[in-house]
Amino acid sequence: MTSSINDLFSHNRAWAEQMERDRPGFFTKLVKQQKPKYMWIGCSDSRVPANQITGLEPGEVFVHRNVANIVVHSDLNALSAIQFAVDMLKVEHIMVVGHYGCGGVQAALDGARIGLADNWIRHIQDVRHRHRQLLDSLPEALRADALCDLNVIEQVVNVCVSTVMVDAWAKGQKVSIHGWAFGVHDGLLQDLKMTISDPTDLDALYRLAVERVWDSRRPA
Ligand SMILES: [Zn+2]
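So the sequence shown is numbered by this note's numbering: it starts at 266 and just counts up by one.
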């Protein structure tokens, strides 16, 4: 465990030296351009680092993170990041990645008050409200994981209906939006089968993905 800020700088120097030793010219090449194929929209949670989980290097994934991986229609921060990724970097894949054991999702489920962030988490409570029948029909112990999946599925929809994606798809740009969930307990990514490459598929794939949340957890 890192014990002080100075350690961070010494780790950084060691890392930069190691990279340059293993791959001479790595940083010189990185300066010239970033050409990532992927954009990651994930939770700020410290246990879910995009690059490490996917084995991607600096320059390979464009990352936006916030509490509970939410894409809000009026959030200029997230929308600007998506616009830059799609219009300028021409990423081919955007993955919205939730994670099991998410504090934001749990707070939304419990209706817990944690401060200013309550207003942000309200967006997950909207998801919970929309799917309350499904959630109420599940054993209590499974509801947080199910809400994590449902939140990802809803945020994929929000990316798909953003002006950025509507315009990109209208121009014929090839971009796929994916919904994944990360298991902090096993380190594995789950594909929630909510991959949208064509907006005309959105409604049907949304319905199937939501059904799958229920089917995969249905009491035997
Ligand atoms: Zn989280």
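Ideal placement from N, C-alpha and C gives every residue a C-beta, glycine not left out.
Nearest-angstrom Cα distance between residue i and residue j?
i, j, result
"K436", "E357", "14 Å"
"L412", "G380", "21 Å"
"R472", "I389", "18 Å"
"H443", "R477", "15 Å"
"A350", "A485", "43 Å"
"R378", "N423", "25 Å"
"A333", "D401", "21 Å"
"H294", "A373", "For the sequence presented, residue 294 should be read as Lys rather than His. If you take the alpha carbons of K294 and A373, they lie about 44 Å apart."
"E325", "S339", "27 Å"
"R395", "R288", "50 Å"
"V361", "L341", "17 Å"
"P323", "F292", "9 Å"
"S268", "F274", "12 Å"
"A469", "D272", "51 Å"
"D486", "D352", "Residue numbering for the chain in the displayed model covers 266 to 485; residue 486 lies beyond these limits and cannot be assessed."
"K458", "L467", "12 Å"
"T319", "R397", "33 Å"
"R387", "M304", "25 Å"
"Q438", "Q317", "28 Å"
"R278", "D383", "39 Å"
"V296", "W385", "36 Å"
"E405", "L321", "36 Å"
Within 10 angstroms of the Cβ of residue i, are there 16 or more other Cβ atoms? Answer buried if so, exposed if not.
i, result
"V426", "exposed"
"G290", "exposed"
"W280", "exposed"
"I347", "buried"
"H364", "buried"
"R286", "exposed"
"P301", "buried"
"Q283", "exposed"
"G369", "buried"
"V421", "buried"
Hey, out of the options, whose CA is closest to residue i's CA?
i, options, result
"V328", "N423, S309 and V421", "S309"
"G451", "R312, H276, P289 and G290", "Position check: residue 451 holds Asp in this sequence, whereas Gly was assumed. That would be R312, whose Cα lies nearest to the Cα of D451."
"G366", "Q283, A346 and L407", "L407"
"L399", "V332, Q298 and V475", "V475"
"L403", "L467, P314 and R483", "R483"
"V431", "P314, L344 and D272", "L344"
"T428", "W479, V336 and E405", "V336"
"V449", "L321, R387 and A315", "A315"
In its own chain, which residues sit with a C-beta less than 6 Å from the C-beta of residue i, not counting the 5 before and 5 after it?
i, result
"Q455", "A446"
"W434", "P464"
"V392", "L415, N416 and E419"
"R330", "G307 and S309"
Any beta carbon of chain C sitting closer than 7 Å to that of residue i?
i, result
"W385", "In summary, chain C is missing from the structure at hand, where a single protein chain is found."
With a threshold of 8 Å on Cβ separation, who are the neighbours of residue i within its own chain once the five nearest residues in sequence on each side are excluded?
i, result
"S441", "E357, H358, I359, T460, I461 and S462"
"Q371", "A377 and A409"
"Q299", "G324, F327 and L354"
"L453", "F447"
Kindly provide the ranges of any beta strand (DSSP E) runs that are 3 or more residues long and lie completely inside the region 356-392, ordered along the chain. Fully enclosed beta strand (DSSP E) runs of 3 or longer: 358-364.
For a minimum of 4 consecutive residues, which ranges assigned as the alpha helix (DSSP H) are wholly contained in the region 383-464? The DSSP assignment places complete alpha helix (DSSP H) segments of no fewer than 4 residues inside the region 383-464 at 383-395, 397-401, 405-425 and 428-435, in order along the chain.
Considering only residues of the region 313-360, which uninterrupted beta strand (DSSP E) runs meet the minimum length of 3 residues and lie entirely inside it, listed in chain order? Whole beta strand (DSSP E) segments, 3+ residues: 326-331.
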